[in-house]
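Here the structure comes first, spelled out in structure tokens, and everything after it is commentary.
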Amino acid sequence: MTWLSPKNSSRTGIRCLFLSLLSAGLAAAQTVPPEILERLEKAEKAAANAQTAGDNGWMLVSSALVLMMTAPGLALFYGGLVRKKNVLGTMMHSFLMMGLVTVIWALFGYSLAFGGTADSKWIGDLSFAFMNGVGTAPNGDYAGTIPHLTFMVYQLMFAVITPALISGAFAERIKFTGMMLFMTLWLIIVYLPMAHMVWGKGGYFGALGTGIQAFDFAGGTVVHITSGVSALVCAMYLGKRKGYGSEAMRPHSVVLSTVGAALLWVGWFGFNAGSALNASGLASSAFVATHFGAAAAAMAWLFAEWMVIGKPSMLGAISGAVAGLVAITPASGFVTPMSALMIGAIAGVVCFLMVAKVKAMFGYDDALDAFGVHGIGGTLGAILTGVFATKEVNDLRAGMPMGLVDGNGGQVMNQIIASAVAWGLGIVGTLVILFVVDKIAGLRTTDAEETEGLDLSMHGEEGYHMEG
Amino acid sequence: MTWLSPKNSSRTGIRCLFLSLLSAGLAAAQTVPPEILERLEKAEKAAANAQTAGDNGWMLVSSALVLMMTAPGLALFYGGLVRKKNVLGTMMHSFLMMGLVTVIWALFGYSLAFGGTADSKWIGDLSFAFMNGVGTAPNGDYAGTIPHLTFMVYQLMFAVITPALISGAFAERIKFTGMMLFMTLWLIIVYLPMAHMVWGKGGYFGALGTGIQAFDFAGGTVVHITSGVSALVCAMYLGKRKGYGSEAMRPHSVVLSTVGAALLWVGWFGFNAGSALNASGLASSAFVATHFGAAAAAMAWLFAEWMVIGKPSMLGAISGAVAGLVAITPASGFVTPMSALMIGAIAGVVCFLMVAKVKAMFGYDDALDAFGVHGIGGTLGAILTGVFATKEVNDLRAGMPMGLVDGNGGQVMNQIIASAVAWGLGIVGTLVILFVVDKIAGLRTTDAEETEGLDLSMHGEEGYHMEG
Amino acid sequence: MTWLSPKNSSRTGIRCLFLSLLSAGLAAAQTVPPEILERLEKAEKAAANAQTAGDNGWMLVSSALVLMMTAPGLALFYGGLVRKKNVLGTMMHSFLMMGLVTVIWALFGYSLAFGGTADSKWIGDLSFAFMNGVGTAPNGDYAGTIPHLTFMVYQLMFAVITPALISGAFAERIKFTGMMLFMTLWLIIVYLPMAHMVWGKGGYFGALGTGIQAFDFAGGTVVHITSGVSALVCAMYLGKRKGYGSEAMRPHSVVLSTVGAALLWVGWFGFNAGSALNASGLASSAFVATHFGAAAAAMAWLFAEWMVIGKPSMLGAISGAVAGLVAITPASGFVTPMSALMIGAIAGVVCFLMVAKVKAMFGYDDALDAFGVHGIGGTLGAILTGVFATKEVNDLRAGMPMGLVDGNGGQVMNQIIASAVAWGLGIVGTLVILFVVDKIAGLRTTDAEETEGLDLSMHGEEGYHMEG
Amino acid sequence: MKRIEAIIQPHKLDDAKEALKGIGIDGMTITEVRGHGRQKGHTETYRGMEYKVDLLPKVKLEMVVADARLEEVIKTLTAAARTGKIGDGKIFVFEVADAIRIRNDDRGDAAL
Amino acid sequence: MKRIEAIIQPHKLDDAKEALKGIGIDGMTITEVRGHGRQKGHTETYRGMEYKVDLLPKVKLEMVVADARLEEVIKTLTAAARTGKIGDGKIFVFEVADAIRIRNDDRGDAAL
Amino acid sequence: MKRIEAIIQPHKLDDAKEALKGIGIDGMTITEVRGHGRQKGHTETYRGMEYKVDLLPKVKLEMVVADARLEEVIKTLTAAARTGKIGDGKIFVFEVADAIRIRNDDRGDAAL
Ligand SMILES: Nc1ncnc2c1ncn2[C@@H]1O[C@H](COP(=O)(O)OP(=O)(O)O)[C@@H](O)[C@H]1O
Ligand SMILES: Nc1ncnc2c1ncn2[C@@H]1O[C@H](COP(=O)(O)OP(=O)(O)O)[C@@H](O)[C@H]1O
Ligand SMILES: Nc1ncnc2c1ncn2[C@@H]1O[C@H](COP(=O)(O)OP(=O)(O)O)[C@@H](O)[C@H]1O
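Chains as they are written, first to last, in numbering that gives the first Met the number 0: chain A, 0 to 467; chain B, 0 to 467; chain C, 0 to 467; chain D, 0 to 111; chain E, 0 to 111; chain F, 0 to 111.
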């Protein structure tokens, strides 16, 4: 996000320069030949233009990478984890978001999240509705060196994947219509306000705002806590899958899930490093933190599983990688590579215990562990960001200490408060929405539909026909 | 394409500047110290260099993305739609193009498409044959800020995917040798002239040319109409698959097709936004239009199917997304985001009706709907480009109105003419080639080969051995 | 690598300029108004900043692409080639490296490869251990326009994939613990020294070093020869798979392998073109050479197979593409597009003969042909680099002839010597490691484990559960 | 000896297996099959092409048991596999001429 | 009761099923099998490794019918599944000792 | 005629097939099945969820032979498929009422 990068001011400075060119130019003209002044002006513009090319190219690629996370990434990761008869229904939960959220975003979603004035603490306004005023000129409030359109579409990709993450909780037993309605309302009621509060102009939790300053580089609270907590609520509201605990509900293809996880890893570079909103050293720093966090978590989950269960599994390795990616997300632009290794290692072990041990104790059926990985991993990451954030990496507060390691223990509390708000919004919002949608359209499939599988009952098709 | 971007002139201007540095430098030297002049010169060069880095990086990524569209993208999309016994044969139709077209392009293909002088209305010449004169220096005729090599390889990726698209029509029943020969001739006889006419120097349909000015930002006529129409001709010439209408010919894996479609969507950003040939705001604009078009079309097809057939399917959603991507292709650099939504929505409904209803009425066997999606979607997109193109987005004609929405109704006619020529060239060219190839090498598999499947009969291998 | 690009000096020059700004500025101040000087200075900085944005964006994308080569790329390519019961175990060999190598690299691996002084001929030192001194400032020794962090993580991706390549040789019969230990030691004992010798500061085979000057643009010796030769040693040490020669050991899914190969092709652009370490014309040149080499080799293998075996196969086409990509790797930044076509064509035929004919004569069980493709293809490529390198493409030696085609026959000998050293290090290092690991942890699975398959015996899970 | 062949609903397999284990029947062989009977199938539509699918997934259990255990097994199986809805499946009984254990050439009832 | 087991070419399955439906035979169970007989297989080559594949995909139809319908079914089946080429398959007939409908304990001919 | 049904270890299929070919038995039909017997299964764990898998992959060979060849085939098969360990599988023998070659209506032993 723009103000999460200290270098930004110097850059938008370059642009402001042009505005003052006339006056400055006049003064200089007395001693410098006009053709030189003109060349200088052109060179200044050329440099700014080139800066945009470099940053914009990178941000467009990042946008594409984040879309790739939703599909094929998440669609495969989740699709492989369900039983064969639900593979398309599950992939649909991700793929549909690419259509549904995009349309909502274009009409008013972007505006509610990122519109508004310095006073819009909780939600934006409709100033950008129908893409009004969203053009090729940069929006200095967010990113001074890239077209506003790029910023808008990059943010859109986040809004696409967030509800898709929830779908892991209600996999294999939700009605298509209910799901579609739920996702629509959830985006509007939970995601848009949360995104605004943390990243929007005037948002209460803005890292440099006037409210409680929380650090969330790439979406720990906005994306992972909200979706993970909402997932838990969904899992409990919908109840267990038929046959849960007695019938075998093994992943129908860990191969597909592995491909999905690997694509998530690759795409996550766009998610985290892209959150620098430019191709500067901060992007590199976030890139490295992301990779280190994922790697350490994959190894940590693998070893934890090896010790506790007895064998290290492929599913463990990829689950660990995803848990690490989740946890490093809010921290990625604030922590050193070594801290990233540590955050990853902690997340790998904690999420493993959560998914393999704690969940069993409570007994809710979070089918694909959306809560265990995103809810827990996201909360952990948000808090650890408060611990490990350092001005060495991101001097956001102009020389003031950033996190606990810098001596600013209070930041941990800020992170906890912001996380708690995300939990609260996620729980309350989701409960209300579930209740309403259940009345209007129904949420849970009938027994017959569930036995037949979502692919046939909801979509009238099958994932595989291998007999041919 | 270069002249589809109004900003381009200002940029090549920067480069021309250097050429006039000597004279300008001499004049200025009289009052400015030479070390300052030198620094200015260096700064100018540095800015131009940086511009190239930004644009070139983006264009290399775009080239990679367009290659990814062919394989794994299209290979999976088409491969999943056929029966298991033809999966490798079908993926081969895409993968082979990556080898075959590349070699032809290197030897003379690029030159025939993009070589030539201002007088080359219909086809280029051999000036770039064997990559002669294609180096790291930009080719100002096409893209002033990126190496000529980058432009050449980016265009190559388009030439790779276009014939591969046709293969959807003759899937499951074409001989390998016949296919290879057909593709070779089709590239030379249909693609290279069409690409030249629309994008090549002096081409008759150049957007700013002296012939009929047609707008085709990223390949509606050149790529989708030519391939889609040729597909129809192939489907009719080859006849139906054995057992068509009686035997079940369901996609052997909608899962694979979904992965393929998602990769097509991601790769298409390189296809459309890359067609700005730089990383400017125009690229962002095309990126957004592409995404909006795809999203709206996916939703539109899904809803149309839901109403007409009774259930919304995964195959419907991905087919819709691809139809939207096709239709938005020629328009992507000319239309607003809201127009893109509309183009997508129209394309989703029209292509659905075409594929699910109209095709059945005519009864030709366009196995994977290459015509229904690319032919119809491409034509629709070409015409709608004439409707929705606006100077707000792309002031290509220096203040003059662009499309119907700008008040230039005549543009619609230009678009129709260019489309008609693409149809004509596609039909006639393909017919002649089919006739010739059928004589020389044979096109249709024998009954035994078709029953056994292409994988075994043509390639002596099988796609899956799951018994092991 | 940085000094493989002649343009680099001029660029770091720009940066050096700033350091001398004070003095130069003072002199100029006498005749030029200070506000102009300030603007000039800012413009210079802005241009350098923009250069970094362009180059860094491209290099971050390249890093992501190279990671994508390991997984899903190689994981799928290899995973598809084994029997179903080993698919996860095989994918694990690739995926684990993303975790394991990353952690080693962060702790001390990077430092041993790229740390050190001008005197470090064989191995680096610990100056960069724990990422000490690896920050956002560029490291002028390697890449003057991108953050040191970017260079570090880009190189990491190479270190991740190289051991993963070896795993093709011991597929379907190696213990997980033995494999993990082997990979760890191999990275330290073979890869890190080899990388240092060829690319590290002071390295003996540096292209511009004081030792034997070998050209290896993107890793022919460092990556492919070392891994390919080590693969051969592993295959011979471990012995054949149970039932080799009698039981059918067909690829369980050429479909997956095709997807993997296509992703390798796409990712390889990051591998080769990224090795320019910036987004200049040299990157474009390497990009084109890579693509041409892959295409020509795919066609060459296909035709060779067609003539010798009787049918052109999908597996042949993708094997050829990979062989071409391997062979063009060391040459990619030194040769013309036409030479790339030739190198690819030669590699396609030679590797085909190696894998389909010569291997059978010797009878070792290099299960997935890691030696046949990477060892042979890499050696061939290294030598052909000496033949085809030309100053037209890369004027590395400031006007002096580069390869045989430039009249510098001696280069071929240099390439052979460097290759021989890589062979030697690979053979000896691998033998020692295998011997040690076999004693400590055991390498070969028991008969029962092998019959059951790695997925169940090592990881306690299965790749597919299609019955559900 | 009799061979009992039961075609049942796939999601009843675990119940059936447990029930059989409960009465000491361990040896069995299971095949995935598709069945056609009174149970209505479903319709699949791909791009407007409609397919009536009337072959539904079933699981076939085969077990060879001593004559004396026949009725007990049938009772156990029907109880475990019954849902009461059309499509529950059938049990067929065949005479077995002989049985051989490959491991040690045991024959007849001893081989079961 | 008789059990008729027919091993036929996979692409003849739809024809066979329709023909049987035509004479009122609805209940059947289908298995994907691979067969070996006089029909020649094919060769697959992967990176120069040649595999002679002599197990070809077939489909096995099993249906239990009342004794009276046996010949009619055989005639219908052979007619529908025949192509006249080697590999068309076989029909085997077995005696069935009993049949039970799981849903409601119907037994014998009534269970079919 | 007798139908011999052998359930064997999958990796013994090639050996068995070769051995049978050796004594002139060509016609056979093969099905992938899963078996349950004395052989212990394995445990799979997915994110902490443990599944005891007691159905192991087996291959079922079915061949119909003239009565005279029965014992010879059994001997050949047991020899080829035996590893001596639990899980080697079983052979069951059934009486066949009739056999028909679909291609040309050959019946009985002539149809084999
Ligand atoms: N005559 C038969 N021969 C072989 N299999 C049969 C026969 N009748 C039914 N089946 C098998 O039993 C399954 C259930 O039969 P169905 O008629 O649908 O249920 P129900 O017996 O409850 O009426 C079928 O899908 C089929 O596999
Ligand atoms: N004796 C047999 N026992 C069991 N199955 C057989 C036997 N003979 C043939 N089959 C099955 O019938 C199929 C067709 O047999 P084949 O000899 O190829 O053709 P044809 O029916 O023309 O004689 C085989 O693939 C196999 O599945
Ligand atoms: N009574 C039976 N009925 C049907 N199949 C059986 C029976 N007993 C064993 N089988 C099959 O034979 C296989 C091997 O049996 P098992 O008891 O494990 O080994 P063993 O051959 O040593 O007795 C089983 O997996 C199962 O498929």
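Positions of the beta carbon are idealized from the N, C-alpha and C atoms, including for glycine.
As the structure is a prediction and not an experimental result, all values here were calculated from the model.
{"Item": "Own chain partners of A:D368 with C-beta closer than 7 Å, once the 5 adjacent residues on each side are dropped", "Value": "G167 and V354"}
{"Item": "Minimum Cβ-Cβ distance from D:R102 to chain F less than 7 Å", "Value": "yes"}
{"Item": "Range covered by the beta strand (DSSP E) that runs through C:K390", "Value": "No beta strand (DSSP E) holds C:K390; DSSP gives it neither H nor E."}
{"Item": "Beta-carbon spacing of C:E171, C:V81 below 7 Å", "Value": "yes"}
{"Item": "DSSP state of D:I6 mapped onto helix, strand, coil", "Value": "strand"}
{"Item": "Backbone CA spacing between C:L111 and C:A272 [nearest angstrom]", "Value": "25 Å"}
{"Item": "Buried or exposed (CB count within 10 angstroms, at least 16 for buried), B:L395", "Value": "buried"}
{"Item": "Any non-hydrogen atom of ligand 2 within 6 Å of C:I436 CB", "Value": "Contrary to the premise, residue 436 of chain C reads as Val rather than Ile in this sequence. No; taking the cut-off as 6 Å, the Cβ of C:V436 has no heavy atom of ligand 2 nearer than that."}
{"Item": "Own chain partners of C:L25 with C-beta closer than 6 Å, once the 5 adjacent residues on each side are dropped", "Value": "Its pLDDT being 42, under 50, C:L25 is placed unreliably by the model, and the measurement read from it follows with that caveat. Contacts found: none."}
{"Item": "Proximity below 7 Å, CB of A:A46 to CB of C:A46", "Value": "yes"}
{"Item": "C-alpha gap between A:S418 and B:F302, whole angstroms", "Value": "38 Å"}
{"Item": "Residue closest to A:S338, alpha-carbon to alpha-carbon, out of A:K84, A:I317, A:K174 and A:A295", "Value": "A:A295"}
{"Item": "Cα-Cα separation between B:L16 and B:E43, rounded to whole angstroms", "Value": "Because the pLDDT of B:L16 is 39, which lies under 50, any placement of that residue in the model is unreliable, and the question is left without a value."}
{"Item": "Cβ neighbour criterion (16 or more within 10 Å) applied to C:A27", "Value": "Bear in mind that a pLDDT of 42 at C:A27, under 50, signals an unreliable position, so the number given afterwards is only what the model happens to contain. Its Cβ being crowded by 16 or more others within 10 Å, C:A27 is buried."}
{"Item": "Beta-carbon neighbours of E:D13, restricted to chain B and to distances below 9 Å", "Value": "G242, S245, E246 and A247"}
{"Item": "Proximity winner among F:I7, F:M0, F:D25 and F:E49, relative to A:S312 (alpha-carbon distances)", "Value": "F:E49"}
{"Item": "Distance between C:V321 and A:V458 (C-alpha atoms, nearest Å)", "Value": "Just to set this straight, residue 458 of chain A is His in the shown sequence, not Val. When rounded, the distance between both Cα atoms is 39 Å."}
{"Item": "For ligand 3, residues whose Cβ lies under 6 Å from any non-hydrogen atom", "Value": "D:G26, D:M27, D:T28, D:E61, D:M62, D:V63, D:R100, D:I101, D:R102, D:L111, F:I6, F:G34, F:H35, F:G36, F:R37, F:Q38, F:L55, F:K57, F:I85, F:G86, F:D87, F:G88 and F:K89"}
{"Item": "Coil, strand or helix - D:E17 by DSSP", "Value": "helix"}
{"Item": "Neighbouring residues, chain D, relative to E:E43 (Cβ below 9 Å)", "Value": "Ordered by position in chain D, no residue passes the 9 Å Cβ test against E:E43, which lies about 25 Å from the chain."}
{"Item": "Per DSSP, the bridge partner or partners of F:L55", "Value": "F:G34"}
{"Item": "Within the region 308-334 of chain B, ranges of the alpha helix (DSSP H) (whole runs, at least 4 residues)", "Value": "313-327"}
{"Item": "With 16 other Cβ atoms within 10 Å as the buried cut-off, status of F:V92", "Value": "buried"}
{"Item": "Those residues which DSSP pairs with A:H251 across a bridge", "Value": "A:H251 is not bridged to any residue."}
{"Item": "From B:A206, B:A344 and B:P336, residue whose alpha carbon lies closest to that of B:G376", "Value": "B:A344"}
{"Item": "Where A:K438 falls, given that 16 or more other Cβ within 10 Å makes a residue buried", "Value": "exposed"}
{"Item": "Within chain D, partners of F:Q34 - CB distance below 9 Å", "Value": "Sequence inspection shows Gly at residue 34 of chain F; the Gln mentioned does not correspond to that position. Under the 9 Å cutoff, chain D gives G26, M27, T28 and I29."}
{"Item": "Cα-Cα separation between F:I99 and F:D105, rounded to whole angstroms", "Value": "6 Å"}
{"Item": "Local conformation of C:D368 per DSSP, three classes", "Value": "coil"}
{"Item": "Chain F contact residues for A:I308, given Cβ-Cβ distances below 9 Å", "Value": "T44, G47 and E49"}
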